[in-house]
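Shown next, in structure tokens, is the structure this report addresses.
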Amino acid sequence: MEIKEKLNHLPAWAVPAAIFFLALAVRLAYIYFSGFSVIPDPDTSEYLAYAENMLKGLGYTDGQWRAFRAPGYPFFAAAVYYIFGPSIPVLKAAQALLSSAVPVLIYYIGLRTGGRLAGLVAGFFACFYFGLVLEPYHLVSEAVFTPLFALSVLLLLKTEDHWAYAPAAGAALGLTTLSRPVGLVILAAAGLWLFIKYPPRRALGYTLAAALALCVVMAPWWVRNYRVFHAFVPVCLETGFVLKHTRVPEAILQFNDHLPELQRDRQNAREAIAYLKTREMSELLRGSVIRFLTFLHPFMPSYDFTYALILPFWLYGIYLVLKTRNTNAMLLFSMFIYFPVAFVFCGTARHRHSVGPYFILLAALAAAALFEKYRNSAARRPLLYALAAWCAINVGILLYPDPVRLFLKRMAGV
């Protein structure tokens, strides 16, 4: 019996279960060897302060600010602490479980965007994709944002099965937005995709249903913020801080901490914009390009072998989706919402990890298409040689990263 026939005879749960437990084993192993109790990010103390203060009955505050951080991750951490008690190792284990669902979601998304082979390749590769393996080790918002983003994409794809998936997707997008404000832009991308996918009347109905569900999920947070600040605060009050922190030189940097929180955020934004207006456009453009290239940069500072390996494949995948007008796969382009964020604000590998699922899916779609096209072709051998050479180059960079890193820095002029 061929492999394809054996796969077809497996129960429906077998492949997703295999992907989940493989992903879980890889993530737990990474956390174990990196340190279950290690806190690698300075932001973590703020997120956990919100969680701990909620459990103490002090409300949503880190002791100073009441909406500086988006509430999604602190509520998740508070829930874990409430059930199991305050424990960094337990919180990381919970994040590993949540993160292990991402390759399963990728598998199901792949089935709908590229077929069985693409889904299998994407799902199993995601178990080892370093950016996704790394996320549950870090106690920051991406630990919940990335799974919710992927869930939202799958639910949007399932609207072709039943209309009820539209409000379900909207609710998931609401939770995604409460984890990171960029989720609001994902809603806009989802609405655009719905109008590409469906006739206008149906697309409008689905978009309105999704938007309404998002509002229902986020409404309690909006009401709370209005009661606290007497103003509409969609998610959090860190925009001014981020803009200033990423665009203003450290020598003249100060964050108006003496002001009330809402006024502080607005004043920081005004001062950052005022500073940017004093700079030459060429200087601003160069800085934005460097930030964007940093977002796509394969060094973290260690070489991200899994990201670099699939880079040409997901680029080719974008071309294939557009060429074949694969409307389902066009939803994967929602990953592009992070590109202007990286260009304007800051570009880090940490933010790139959240769009890793869509790099993987586009790469798997391309790999499956190349396999089907060349498996019985005379050009198969040269293609395999090229693939082997690409793998060898990446292994070489992984083993000797410093010369390549220095070369790229010189090319960028940094």
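Taking my numbering, the leading residue of the sequence shown gets 50, the next gets one more, and so forth. A virtual CB, placed ideally from N, CA and C, is assigned to each residue, including glycine.
Kindly list the residues whose CB is nearer than 7 Å to the CB of residue i, restricted to its own chain and excluding five residues on each side of it in sequence; keep chain order.
| i | result |
| --- | --- |
| L200 | L154 and A221 |
| A126 | Y96, L97, A100 and L140 |
| E184 | S148, E191, A192, T195 and H402 |
| M50 | Any reading at M50 must be qualified, since the residue scores a pLDDT of 49, below 50, and its modelled position is unreliable; no value is offered. |
| L245 | The question names Leu, but residue 245 is Ile in the sequence shown. Excluding positions up to five away in sequence, the list reads T376 and M379. |
| I132 | none |
| V182 | V75, R76 and Y79 |
| Y178 | T355, G405 and I409 |
| A143 | V129 |
| N305 | R313, Q316 and N317 |
Where does residue i sit, in a helix, a strand or coil, going by DSSP?
| i | result |
| --- | --- |
| L455 | helix |
| Y130 | helix |
| F476 | Missing from the structure shown is residue 476; the chain here goes from 50 to 463 and no further. |
| M50 | Note that M50 has pLDDT 49, beneath the 50 cutoff, so the model's placement of it is unreliable and no number is given. |
| S228 | helix |
| R424 | coil |
| P89 | coil |
| L105 | In the sequence on display, residue 105 carries Lys and not Leu. Coil. |
| H400 | helix |
| N305 | coil |
| K329 | Residue identity differs from the one stated: residue 329 is Glu in this sequence, not Lys. E329: coil per DSSP, three-state reduction. |
| W212 | coil |
| L59 | coil |
| V284 | coil |
| F124 | helix |
| F177 | coil |
| W242 | helix |
| P65 | helix |
| A416 | helix |
| A300 | helix |
| G172 | helix |
Quick one: residues in its chain with C-beta nearer than 8 Å to the C-beta of residue i, no 5 flanking neighbours on either side, listed in chain order?
| i | result |
| --- | --- |
| I88 | S94, I137 and L188 |
| G108 | N102 and R115 |
| A128 | none |
| P361 | W439 |
| L302 | K293 and H294 |
Need the endpoints of the alpha helix (DSSP H) that residue i sits in, please.
| i | result |
| --- | --- |
| Y365 | F354 to T373 |
| Q312 | E310 to K326 |
| Y275 | P249 to F278 |
| K141 | I137 to T162 |
| N443 | R429 to L448 |
| H187 | First-last for H187: undefined, no H or E at that position. |
| E191 | E191 to L206 |
| T376 | T376 to M379 |
| V390 | Y387 to V393 |
Within the same chain, show all residues whose beta-carbon is closer than 6 Å to that of residue i, passing over the 5 residues directly before and after it, in chain order.
| i | result |
| --- | --- |
| R401 | F344 |
| T110 | N102 |
| L71 | C176 |
| G223 | L263, V266 and M267 |
Problem set entry | Inter-stretch contact at 8 Å, needing at least 3 Cβ pairs: the region 274–292 / the region 230–238 | Enough Cβ pairs lie closer than 8 Å, so yes.
Exercise. Can we say the region 361–375 touches the region 344–353, given the rule of at least three CB pairs closer than 8 Å?
Worked result: These segments do not touch.
Problem set entry | At least three beta-carbon pairs within less than 8 Å, the region 433–453 to the region 348–364 | Result yes; three or more Cβ-Cβ pairs closer than 8 Å.
For this session: Examine the Cβ distances between the region 287–296 and the region 266–273 and report whether three or more of them are shorter than 8 Å.
Result: Counting Cβ pairs under 8 Å, fewer than three are found: no touch.
For this session: Indicate whether the contact test is met: 3 or more Cβ pairs, each with one atom in the region 164–182 and one in the region 413–423, closer than 8 Å.
Result: Verdict: yes, contact present.
Exercise. Between the region 207–217 and the region 246–260, are three or more C-beta pairs nearer than 8 Å?
Worked result: With three or more CB-CB distances shorter than 8 Å, the region 207–217 counts as touching the region 246–260.
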